[in-house]
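Take the sequence shown: its letter number 137 is residue 474 in my numbering, and every next letter is one higher.
Ideal Cβ positions, reconstructed from N, Cα and C, are used throughout, including at glycine.
Just so it is clear, the structure is predicted and the values come from calculations on it, not from any experiment.
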Amino acid sequence: MYELLPTKNGQHIVIDESGVLQRHVTQYLLDLESVQCHEKSYVRQIAYRLKAWLNWLGARDIYDVTDRLLCKYRDELKISGDLEAKAINYRVSSVCAFYWYAENTGLCRGVIGSNDMLSGRVFRIVVNLTTQASSANYKIPFLLGTVQQARKRIPSADEIAALKDGIADKTLECGHPLAEEINVRNQLMLRWMAEAGLRRLEVVSLPVSAIPTKFKPGTMVMVTLTKGTKFSKVRDVEVESSLIQETLDYIAYERPEIVRKCHAGHDPGVVFVSTYNANGGTFTAQAITDLLDSVDSEISPHALRRYALTRYAAYLYRIQLSLYKAGENAEIDRRSIELRLTQQAGHKKVSTTFRSYVDVAIAMTLSDSGISSLEECRILLQTQLSMITSQIETARSLAKEV
Numbered sequence: 338m339y340e341l342l343p344t345k346n347g348q349h350i351v352i353d354e355s356g357v358l359q360r361h362v363t364q365y366l367l368d369l370e371s372v373q374c375h376e377k378s379y380v381r382q383i384a385y386r387l388k389a390w391l392n393w394l395g396a397r398d399i400y401d402v403t404d405r406l407l408c409k410y411r412d413e414l415k416i417s418g419d420l421e422a423k424a425i426n427y428r429v430s431s432v433c434a435f436y437w438y439a440e441n442t443g444l445c446r447g448v449i450g451s452n453d454m455l456s457g458r459v460f461r462i463v464v465n466l467t468t469q470a471s472s473a474n475y476k477i478p479f480l481l482g483t484v485q486q487a488r489k490r491i492p493s494a495d496e497i498a499a500l501k502d503g504i505a506d507k508t509l510e511c512g513h514p515l516a517e518e519i520n521v522r523n524q525l526m527l528r529w530m531a532e533a534g535l536r537r538l539e540v541v542s543l544p545v546s547a548i549p550t551k552f553k554p555g556t557m558v559m560v561t562l563t564k565g566t567k568f569s570k571v572r573d574v575e576v577e578s579s580l581i582q583e584t585l586d587y588i589a590y591e592r593p594e595i596v597r598k599c600h601a602g603h604d605p606g607v608v609f610v611s612t613y614n615a616n617g618g619t620f621t622a623q624a625i626t627d628l629l630d631s632v633d634s635e636i637s638p639h640a641l642r643r644y645a646l647t648r649y650a651a652y653l654y655r656i657q658l659s660l661y662k663a664g665e666n667a668e669i670d671r672r673s674i675e676l677r678l679t680q681q682a683g684h685k686k687v688s689t690t691f692r693s694y695v696d697v698a699i700a701m702t703l704s705d706s707g708i709s710s711l712e713e714c715r716i717l718l719q720t721q722l723s724m725i726t727s728q729i730e731t732a733r734s735l736a737k738e739v
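Below is the structure:
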């Protein structure tokens, strides 16, 4: 039997009943957290799924597997009745992901892949390679069919405003001597998630050095993210200059007070400093979820990201629509909207999810049903103006170079 052994820093290693390390699975788990920068909770889920797989294999060698064996594992899980089809698919997918990692890092050969009859290369677990447009490397043909779930809801502008107000009320009423400073910090964290689409770990890891100090007011400003990003990839996000200016004001005034009074002047280097000494003065990703849950458990950090990306798509579509109506463009370039949205989200490939955001943005713009308040209308127009101003500035710079 295999067991998970947590380390002091919260990582998981896999050992057998004799205490011998299962090196390859442990290496994969460490890679998920340290290299691919997945959160500990996600890695822990993968660890439990792989432990269950190893125990099901028993004395069989970990690489002595076939897709038929995986189908048998799948079917036994189904017959047991303990798991729904979606949960069973997660287990099978996690096993395949480990073998894909092992195949591509040289830990094994010929275990998983797509058969190539021309080269004569065949695999024991056969998957289908995806096209470049897909965000995944492969598709597993033997997963169970599941009921299609409705796409997750995108919160409205009024719901976001209510969330901000609720968090402000709780913060200012908490009695903390730095309540005013903490409120400014919290409101800015919400803006970075709801406007820039930052993930939890990106917000809490955002370094002060990443905030540009030179920019033109009334334009869109590019911010480069290097910390806390998915798979540790460097990515750029485009934000309004007003968000940058408010962040710089917070860094100049409220943030130093938190550092001085809560950390005796020891600066953790991140924009959003915690009032607690644990974790070196930085927030955990879970702290962001807890902050939102304290007011509205229906709005998750990822819901804020969906809101941000949909609004960004709406801004892009409005610009395209304006250019089309003015006769500048012969047609609305939907593909360019999808590509820019994908880049803003930090992905390389346009997926069905991003196309759906564009669909919602177009419907919202054409019907104005998504503009539920004068404030939202103002934000839409202001951001659209900032984007157009940025395009004009770029065109002028190029003209000077020519």
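For Ile548 against Ile581, the beta-carbon gap comes to about 6 Å, under 8 Å, which counts as contact.
The continuous alpha helix (DSSP H) containing Leu628 extends over residues Ala622 to Asp630. DSSP, read as helix, strand or coil, puts Pro492 in coil. Residues Leu342, Thr344, Leu358 and Thr363 of the same chain have their beta carbon placed closer than 7 Å to that of Ile350, with the five preceding and five following residues left out of the count.
Taking a cut-off of 8 Å on C-beta distances, the stretch 498-512 does not touch the stretch 564-572, as fewer than three cross pairs fall below it. Under the Cβ criterion (8 Å, minimum of three pairs), the stretch 642-659 counts as touching the stretch 523-535. The stretch 617-629 and the stretch 535-547 touch, with no fewer than 3 CB-CB distances between them shorter than 8 Å.
Nearest C-alpha to Asp633 among Ile352, Pro554, Gly503 and Arg428: Gly503. With contacts defined as CB atoms closer than 8 Å, Leu481 and Asn426 qualify as a contacting pair. Tyr410 is a Cβ neighbour of Trp393, given a cutoff of 8 Å. Closest by C-alpha distance to Arg642, out of Ser673, Met557 and Arg490, is Arg490. Asn465 carries a strand assignment under DSSP once its states are collapsed to helix, strand and coil.
Under the three-state reduction of DSSP, Glu675 is assigned to helix.
The secondary-structure analysis by DSSP pairs Met559 across a beta bridge with Glu575. About 7 Å separates the Cβ atoms of Leu366 and Ile383, confirming a contact at the 8 Å cut-off. The beta carbon of Cys599 is closer than 6 Å to those of Thr612 in its chain, skipping five residues each way along the sequence.
Counting every other CB atom within 10 Å of its CB across the protein chains shown gives Ser542 a total of 16 or more, marking it as buried. By the Cβ-count criterion, Thr702 is buried, with 16 or more other Cβ atoms from all chains shown falling within 10 Å of its own Cβ.
Boundaries of the beta strand (DSSP E) around Ile352: His349 to Ile352. Annotation: Lys388 to Arg458 spans about 30 Å, alpha carbon to alpha carbon.
Annotation for Gly618: His600, Pro605, Val610 and Ser611 place their beta carbon closer than 6 Å to its own, counting only its chain and skipping 5 residues before and after.
Distance check between Arg692 and each of Lys685, Arg671, Lys662 and Gly683 places Arg671 closest, using alpha-carbon atoms only.
In this chain, the beta strand (DSSP E) harbouring Glu340 covers Glu340 to Pro343. With fewer than 16 other Cβ atoms from the protein chains shown falling within 10 Å of its own Cβ, Leu466 counts as exposed. Residue pairing of Leu358 in beta bridges, as defined by DSSP: Ile352.
Counting along the chain, Lys662 sits inside the alpha helix (DSSP H) bounded by residues Pro638 to Lys662. The beta carbons of Ser451 and Val432 sit no closer together than 8 Å. With the rule of 3 Cβ pairs closer than 8 Å, the stretch 572-586 does not count as touching the stretch 652-672. Between Glu668 and Asp630, the alpha-carbon positions lie close to 43 Å from each other. Between Tyr590 and Arg522, the CB-CB gap reaches or exceeds 8 Å. In the displayed model, Pro605 falls within coil according to three-state DSSP, outside both helix and strand. Per DSSP, Tyr379 is one residue of the alpha helix (DSSP H) stretching across Lys377 to Leu394. For the pair Arg592 and Tyr400, the Cα-to-Cα distance works out to about 53 Å. Per the coordinates, the alpha-carbon of Arg386 lies some 22 Å from the alpha-carbon of Arg446. Classified as exposed, Phe568 has fewer than 16 neighbouring CB atoms from the shown chains inside 10 Å of its CB.
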